[in-house]
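Worksheet for the structure shown next.
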Amino acid sequence: SELSSVTARKSPLQLRMDELGQKLAALSTVAIVCIAILGWCMGRPFLETVTVAVSLAVAAIPEGLPICVTVTLALGVLRMAREKAIVKKLPVVESLGCATAICSDKTGTLTQNE
């Protein structure tokens, strides 16, 4: 029962990515509304204005961002593997990069505060 109450924490990179996504969504929403109002004021058809606004909203989302993050973390895994450190999950690389001290037992495995 105690184990089921444990929640997975997000890494600092995941938190920053979430924050970036929220900012981009808010900024694109404001831009869409402004463009829709401007198009309507210029006398453009409503459907055309909405279509342009939605197209711009879709274009505002960076499609390559998750790929760039994944490649960067994978390169970090490769660098750590060269130093004889193996990790199972990519976000661990970013979390380890933020660490100032790493504790391990005599076999070299990381401890879990036990």
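So the sequence shown is numbered by our numbering: it starts at 13 and just counts up by one.
Built from N, CA and C at the ideal position, the CB exists for glycine as well.
- In this structure V64 is in contact with G51, their Cβ atoms being roughly 7 angstroms apart against a cut-off of 8 angstroms.
- In this chain, P74 is not harboured by any alpha helix (DSSP H), its DSSP state being neither H nor E.
- Just so you know, the alpha carbons of C53 and T61 end up roughly 10 angstroms apart.
- If the five residues before and after P57 are omitted, its C-beta is found closer than 8 angstroms to no C-beta atom of its own chain.
- The continuous stretches of alpha helix (DSSP H) do not include G55, and DSSP gives it neither H nor E.
- Between the alpha carbons of I47 and L36 lies a distance of about 16 angstroms.
- Across the set I98, L25, V81, the C-alpha of L25 shows the shortest separation from the C-alpha of C110.
- A straight line joining the alpha-carbon of S23 with that of V45 spans about 33 angstroms.
- In this structure, V89 places its C-beta atom within 8 angstroms of the C-beta atom of V99.
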